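In the working numbering, the protein residues as written are 153 to 250.
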């Protein structure tokens with residue numbers, strides 16, 4: 153788990169560096185890649201929500217904490233509340249539309 157944490161920290165640093173690079177005009181001209189990537193993230197997110205109740209609590213907690221770190225421009229306390237409410241509202245969903 154320590155190796156995973158180090159990898160997540162490295163991934164977060166890489167994500168922030170890429171955002172800065174894109175903000176400075178280094179973004180790829182092919183915007184279809186970004187749309188495709190967004191769709192992949194939506195599908196993965198929906199899959200996590202659909203299987204949330206079957207995941208071990210330790211994994212649920214780790215995913216929750218990682219979700220709070222993904223968007224560093226958003227207020228963490230607000231995001232934590234929103235994610236918690238969302239998971240509670242959808243805990244018994246059988247299907248989730250992306």
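Heads up, the beta-carbon is just placed ideally off N, CA and C, and yes, glycines get one too. In this text, all values refer to a predicted model and were calculated from it rather than measured experimentally.
Endpoints, alpha helix (DSSP H) assigned at residue 207: Per DSSP, residue 207 belongs to no alpha helix (DSSP H) and is neither H nor E.
Candidates 235, 194, 169 and 242: closest to residue 213 by CA position: 235
Integer-rounded CB distance, given that residue 201 should sit under 8 Å from residue 242: 6 Å
Local conformation of residue 191 per DSSP, three classes: helix
Where residue 275 falls: helix, strand or coil (DSSP): Look at the range of the chain in this structure, 153 to 250, and you will see that residue 275 is not part of it.
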